[in-house]
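Participant:
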Ligand SMILES: C[S@@+](CC[C@H](N)C(=O)[O-])C[C@H]1O[C@@H](n2cnc3c(N)ncnc32)[C@H](O)[C@@H]1O
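Numbering (our numbering), first residue to last: 9 to 256.
1. Following a CB-centred definition, is residue 70 positioned closer than 8 Å to any heavy atom of ligand 1?
2. Using only the alpha-carbon positions, how far apart do residue 222 and residue 186 sit?
3. Determine the closest residue to residue 39 out of 243, 256, 93, with distance taken between C-alpha atoms.
4. Suppose only complete runs of 3+ residues qualify. What are the beta strand (DSSP E) ranges in the region 136 to 204, listed by chain order?
5. For residue 231, report the span of its beta strand (DSSP E) as first-last.
6. What are the boundary residues of the beta strand (DSSP E) that includes residue 211?
7. Taking 8 Å as the cut-off, is the beta-carbon of residue 200 closer than that to any non-hydrogen atom of ligand 1?
8. Would you report the Cα separation of residue 42 and residue 241, rounded to the nearest angstrom?
9. What does the alpha-carbon distance come out to for the pair residue 249 and residue 71?
10. Could you pull out every residue in the same chain whose Cβ sits closer than 6 Å to the Cβ of residue 254, ignoring the five residues on either side in sequence?
11. Taking 8 Å as the cut-off, is the beta-carbon of residue 226 closer than that to any non-hydrogen atom of ligand 1?
12. Per the DSSP calculation, residue 115 is bridged to which residue(s)?
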């Protein structure tokens with residue numbers, strides 16, 4: 009199936025894809041990426057990947073980060089993307105044929121709690137926008153699995169967001185802060201198995217310390233999305249705000 013056909017097939021699943029997970033629909037992820045691509049490129053620049061590195065992209069979704077990693081580790085590096093969603097892996101594979109890096113990238117459907125890789129396989133293990141789905145009881149296990157598959161001296165990278173840092177203009181602050189307060193309350197009252205933690209960003213460093221990782225660095229990014237908005241950015245902002253209000 010071509011990337012265009014897959015995109016069309018899943019057009020109506022803006023937020024939840026085949027896994028039913030929040031913020032994991034194909035169209036949503038494509039819009040999100042387009043709206044922020046410039047900043048994602050900067051984040052990857054800051055990772056200082058080397059040609060030849062072998063990168064694991066966990067929760068790779070439609071493979072949008074994987075493509076950018078491949079650019080950096082070419083010509084002899086490798087990128088493996090793993091995701092739970094058949095639909096997103098289907099899409100990621102379908103666009104490979106157009107990629108100049110197709111020989112370097114491999115996508116696999118799977119659960120990141122059970123990594124099908126030997127110990128010390130990867131130079132870099134990246135997990136982007138995916139820790140929100142992992143409840144606090146399981147985080148330690150997930151990070152321990154990541155530690156197992158990264159080479160000695162390699163790096164684990166967690167890229168996360170925290171909703172309390174989202175500022176929306178022209179929504180009046182008193183209204184927006186109420187939405188956030190409700191959302192935080194809902195989060196607090198949720199049973200842990202219903203976890204989707206949209207305030208995970210602030211916890212990432214602590215999670216990494218808890219599993220005994222050393223030499224941590226934390227880089228905060230500000231991502232302004234300003235008019236004139238592209239159609240993708242407009243859809244992304246509209247969806248993000250209505251999702252935020254619906255979770256509150
Ligand atoms: C918000 S999306 C982020 C996708 C991609 N990293 C990005 O930033 O475009 C979260 C991804 O995590 C994946 N995911 C959630 N739980 C997972 C699990 N247990 N194993 C593998 N992937 C999982 C979802 O299917 C989804 O594609």
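The C-beta atom is built at its ideal place from N, Cα and C for all residues, glycine as well.
Facilitator: If we stick to the structure as given:
1. Correct: residue 70 has its Cβ closer than 8 Å to ligand 1.
2. Distance between the alpha carbons of residue 222 and residue 186 is about 38 Å.
3. Selected option, being the one with the closest Cα: 243.
4. Fully enclosed beta strand (DSSP E) runs of 3 or longer: 158 to 167.
5. Run containing residue 231: none; DSSP gives neither H nor E here.
6. Annotation for residue 211: no beta strand (DSSP E) segment contains it, and DSSP assigns it neither H nor E.
7. Flag unset: Cβ of residue 200 not near ligand 1.
8. In a straight line, the C-alpha of residue 42 is about 7 Å away from that of residue 241.
9. Looking at the two C-alpha atoms, the distance is approximately 24 Å.
10. Excluding residues within five positions, none has a Cβ falling inside 6 Å.
11. Checking the Cβ of residue 226 against ligand 1 gives no.
12. Bridge partners of residue 115: 89.
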